[in-house]
Amino acid sequence: MKKYIDTGKKDTRSGFGVGLEVLGKTNENVVALCADLIGSLKMDAFIANNPDRFFQIGIAEANMMGIAAGLTIGGKIPFTGTFANFSTGRVYDQIRQSIAYSGKNVKICASHAGLTLGEDGATHQILEDIGLMKMLPGMVVINPCDYNQTKAATIAIADYEGPVYLRFGRPKVANFTPEDQKFEIGKAVHLQEGTDVTIVATGHLVWEALLAAEALQEKGISAEVINIHTIKPLDNEAILNSVKKTGCIVTAEEHNFLGGLGESVSRVLSQNHPTPQEFIATNDTFGESGTPDQLMEKYGLNAESITNAAEKVIKRK
Amino acid sequence: MPKTQQLEDFVTQVRRDILRQVHKVNSGHPGGSLGCTEFFVALYQEILERKDGFDMDGKEEDLFFLSNGHISPVFYSVLARSGYFPVEELNTFRLINSRLQGHPTTHEGLPGIRIASGSLGQGMSVAIGAAQAKKLNNDDHIVYSLHGDGELQEGQIWEAAMYASGKKVDNLISTIDLNGQQIDGSTDDVLPLGSLRAKFEAFGWDVMEITEGNNITSVIEGLKEAKTRTGKGKPVCILMHTVMGNGVDFMMHTHAWHGKAPNDEQLEIGLAQNPETLGDY
């Protein structure tokens with residue numbers, strides 16, 4: 004079993020900020036927009052280095068999405084920054100018509116996704132954003148797992164022509180993927196080889212999946228762990244190859260089970276290789292105030308829940 | 289032939305195109321299209337500095353964004369007759385597999401279109417973004433947009449209006465089609481707009497009016513005047529007074545023809561009032 008080392012907890016939003024800072028130096032077409040959340044999105048360094056390429060929109064997210072679409076006309080690559088809730092649900096029609104349907108090269112960068120936003124509570128804790136974005140034709144949906152991967156994803160999406168939704172979060176979490184890794188959109192990352200059960204996880208749940216795999220090993224269960232950082236386009240092949248070996252699967256995400264990664268995986272399995280599946284996700288509910296750890300425990304989104312789900316799904320084989 | 293007569297002939301032909309497009313498929317929006325015919329002809333024939341051909345980036349040329357996308361019949365007619373695509377393609381308006389969708393879109397690759405519109409209130413933001421890209425590119429061309437008056441009931445317009453002046457987007461000319469009508473009735477009945485001059489001035493725009501929006505000479509003069517006001521620190525708003533359904537007597541001064549096509553008999557009457565000039569498609 005491979006050993007992964009947490010090199011020190013860091014927030015994924017800071018990975019975005021550093022990635023954007025790099026793009027400021029390497030790609031003159033990259034511009035950034037923010038709806039009054041510069042500090043929360045860690046955009047300060049990009050702004051300091053490239054003041055002319057930054058647009059402070061104010062608290063007007065609909066206008067931000069439209070302006071971003073317009074900036075692409077003239078060759079710019081706009082990165083919008085605000086919370087996930089205000090990046091998706093609040094501006095769904097603006098994204099749908101002016102960005103997705105119009106095929107505009109806008110990168111919608113969304114922080115504070117999911118429950119781990121914490122104390123601000125359900126008004127800000129969107130658990131539906133992956134579903135909203137993946138339903139839009141042509142939209143790429145990415146949810147990287149740690150600081151290093153978020154930085155790599157941020158840099159990578161600038162080279163992809165087309166609309167992208169990049170989802171990341173607020174809390175400091177384990178940073179365990181390689182520094183300066185190459186990020187391939189749509190390419191799943193195998194983290195553990197296993198034979199008894201497949202665990203596919205996205206975002207903050209990937210580290211929890213690795214912890215679950217360790218716990219399962221102590222119980223004599225061999226778990227395969229796959230990091231699905233790109234929910235759309237989904238790496239169908241990686242998932243199917245794994246379940247053909249293990250015969251069962253657990254999906255794990257900080258999102259509603261309706262519309263999330265788990266449903267995308269279910270579709271692939273039911274069409275190609277029907278397989279017992281358990282879902283680690285929120286159960287059609289809103290969140291609430293609390294610390295990130297308290298919330299992840301209460302809503303069953305941690306290593307313990309994944310471990311239990313793995314044992315349950317193995318019995319269904 | 290005097291230039292004005294040529295342009296008036298152009299307008300008359302576009303009116304025929306509008307009527308024939310919506311009649312053929314028994315759907316579409318003739319009222320607002322007819323009211324804005326002079327504006328489109330003036331813009332594309334006299335005002336816009338355009339490059340040959342079409343590319344999405346539109347660098348080193350003026351750009352136009354239609355925010356109230358439902359008046360696609362006039363947009364399509366003028367684009368086709370300005371050389372963006374074959375005039376015969378107007379025959380495919382709203383048909384299956386057509387590039388001429390009910391509302392304009394980039395999705396089918398129709399030259400001349402740079403953004404999808406139809407869901408209202410979004411075009412000013414897009415125009416602002418394109419205008420700011422021009423500034424970044426040191427491109428001193430102008431970005432134009434057109435909006436319905438009813439469309440101003442959408443909140444995003446006012447987000448955009450506040451931003452455009454606050455950020456000194458002074459290479460933008462946004463025209464409001466003031467015909468006083470929307471689907472459910474007059475704007476005064478549905479939701480009064482109040483003084484748009486006062487509103488846009490309060491939002492920091494340079495506001496001017498074209499009082500005769502269905503007089504081609506007045507529209508050209510107004511647009512030229514607007515251009516002289518750009519580059520002075522403020523976005524420019526034109527309040528353009530038009531008559532919905534202009535040029536077809538039974539369609540004028542009413543919201544009834546906002547989104548209704550004429551029947552065979554009504555088409556004949558409308559076409560008789562607008563005799564063929566440049567040649568039907």
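Protein sequence lines, in the order shown, are assigned to chains D and V. Quick note: to get our numbering, add 3 to the position in the first sequence (first position is 1). Quick note: to get our numbering, add 288 to the position in the second sequence (first position is 1). The beta-carbon is built from N, C-alpha and C at its ideal position, and this holds for glycine as well.
Find the nearest neighbour of Arg317 (chain V) within the set V:Gln444, V:Glu489, V:Gly436 and V:Gly521, judged by alpha-carbon distance. In the second sequence, counting from the first residue as 1, residue 317 (chain V) sits at position 29. According to the sequence as given, residue 317 (chain V) is His; it is not Arg. Of V:Gln444, V:Glu489, V:Gly436 and V:Gly521, the residue nearest in Cα terms is V:Gly436.
With distances taken between CB atoms, is the gap from Ala313 (chain D) to Val200 (chain D) smaller than 9 Å? Start at 1 with the first residue of the first sequence, and residue 313 (chain D) comes out as number 310. Start at 1 with the first residue of the first sequence, and residue 200 (chain D) comes out as number 197. Going by C-beta atoms, Ala313 (chain D) is nearer than 9 Å to Val200 (chain D).
Bridge partners of Met496 (chain V), per DSSP? Sequence index remark: in the second sequence, residue 496 (chain V) carries index 208 (1-based). The partner list for Met496 (chain V) (beta bridge, DSSP) reads V:Ile526.
Taking all protein chains shown into account, do 16 or more other C-beta atoms lie within 10 angstroms of the C-beta of Glu266 (chain D), making it buried, or fewer, making it exposed? Here residue 266 (chain D) corresponds to residue number 263 of the first sequence, with the count starting at 1. So Glu266 (chain D) counts as buried.
Report yes if the C-beta of Gly124 (chain D) is less than 8 Å from at least one heavy atom of the ligand SAH; otherwise report no. In terms of ligand content, the structure shown is empty, and the ligand SAH therefore cannot be addressed.
Look at Asp47 (chain D) and Gly20 (chain D) and say whether their C-beta atoms are less than 9 Å apart. Working through the first sequence from its first residue, we reach residue 47 (chain D) at position 44. Working through the first sequence from its first residue, we reach residue 20 (chain D) at position 17. It is a contact, given that the beta carbons lie within the stated cut-off.
Ser405 (chain V) at chain D interface by Cβ criterion, 9 Å: Taking the second sequence and counting its residues from 1, one reaches residue 405 (chain V) at position 117. Yes, Ser405 (chain V) counts as interfacial toward chain D.
With DSSP run on the structure shown, which of helix, strand or coil describes Val531 (chain V)? Start at 1 with the first residue of the second sequence, and residue 531 (chain V) comes out as number 243. Under the three-state reduction of DSSP output, Val531 (chain V) falls in the coil class, being neither helix nor strand.
Contacts of Gly395 (chain V) in chain D (Cβ-Cβ under 7 Å): As a position in the second sequence, residue 395 (chain V) is number 107, starting the count at 1. Sequence check: residue 395 (chain V) is His here, not Gly. Near His395 (chain V) (Cβ distances below 7 Å), the residues of chain D are Tyr104 and Gly106.
Enclosing alpha helix (DSSP H) for Ile202 (chain D) [first to last residue]: The sequence position of residue 202 (chain D) within the first sequence is 199, counting from 1. Here Ile202 (chain D) belongs to no alpha helix (DSSP H); instead the beta strand (DSSP E) covers Val200 to Ala204.
Closer than 7 Å at the beta carbon, the chain D residues around His402 (chain V): Along the second sequence, read from residue 1 onward, the residue named residue 402 (chain V) stands at position 114. Residue 402 (chain V) is actually Arg in this sequence, not His. Under the 7 Å cutoff, chain D gives Ile76.
Cβ neighbour criterion (16 or more within 10 Å) applied to Pro54 (chain D): Here residue 54 (chain D) refers to the residue found at position 51 of the first sequence. Under this definition Pro54 (chain D) is an exposed residue.
To the nearest angstrom, how far is the alpha carbon of Gln142 (chain D) from that of Pro166 (chain D)? Numbered from its first residue, the first sequence carries residue 142 (chain D) at position 139. Numbered from its first residue, the first sequence carries residue 166 (chain D) at position 163. Sequence inspection shows Met at residue 142 (chain D); the Gln mentioned does not correspond to that position. Cα to Cα, the separation comes out at about 5 Å.
Pairwise C-alpha distance: Ser315 (chain V) and Ala549 (chain V): For the purposes of this step, residue 549 (chain V) is identified with residue 261 of the second sequence, where counting begins at 1. For the purposes of this step, residue 315 (chain V) is identified with residue 27 of the second sequence, where counting begins at 1. One C-alpha to the other measures close to 5 Å.
Please identify the residue among D:Phe179, D:Met4 and D:Leu243 whose C-alpha is closest to the C-alpha of Asn275 (chain D). In the first sequence, counting from the first residue as 1, residue 275 (chain D) sits at position 272. Looking at the Cα atoms, D:Leu243 is the closest of the given residues.
Three-state secondary structure assigned by DSSP to Arg170 (chain D): Numbered from 1 along the first sequence, position 167 holds the residue referred to as residue 170 (chain D). The answer is strand: DSSP assigns Arg170 (chain D) an E or B state.
Measure the alpha-carbon distance for Gln389 (chain V) versus Ala226 (chain D) and round it to whole angstroms. Against the second sequence, residue 389 (chain V) aligns to sequence position 101. Against the first sequence, residue 226 (chain D) aligns to sequence position 223. Between Gln389 (chain V) and Ala226 (chain D), the C-alpha separation is close to 51 Å.
Taking 9 Å as the threshold (beta carbon to beta carbon), is Gln410 (chain V) in contact with chain D? Locating residue 410 (chain V) in the second sequence gives position 122, counting from the first residue. Chain D, which has a Cβ nearer than 9 Å to the Cβ of Gln410 (chain V), makes this yes.
Provide the residue span of the beta strand (DSSP E) that contains Glu227 (chain D), from first to last. Taking the first residue of the first sequence as position 1, residue 227 (chain D) is located at position 224. Note, Glu227 (chain D): beta strand (DSSP E), Ala226 to Asn230.
Contact set between the segment 76-102 of chain D and chain V, restricted to residues whose Cβ is under 7 Å from the partner: Residues passing the 7 Å Cβ filter: Ile76, Gly77, Gly78, Lys79, Asp96, Gln97, Gln100 and Ser101.
What first and last residue would you give for the beta strand (DSSP E) that runs through His435 (chain V)? The residue labelled residue 435 (chain V) in the question sits at position 147 within the second sequence. First-last of the beta strand (DSSP E) with His435 (chain V): Val431 to Gly436.
DSSP three-state call for Phe491 (chain V): helix, strand or coil? The count along the second sequence starts at 1 and reaches residue 491 (chain V) at position 203. The answer is coil: DSSP assigns Phe491 (chain V) none of H, G, I, E or B.
Through-space distance from Pro361 (chain V) to Ile188 (chain D), alpha-carbon basis: Locating residue 188 (chain D) in the first sequence gives position 185, counting from the first residue. Locating residue 361 (chain V) in the second sequence gives position 73, counting from the first residue. Cα to Cα, the separation comes out at about 40 Å.
Name, please, each residue of chain V whose Cβ falls closer than 8 Å to the Cβ of Asp55 (chain D). Within the first sequence, residue 55 (chain D) is the residue found at index 52, counting from 1. Those within 8 Å of Asp55 (chain D) in chain V are Leu424.
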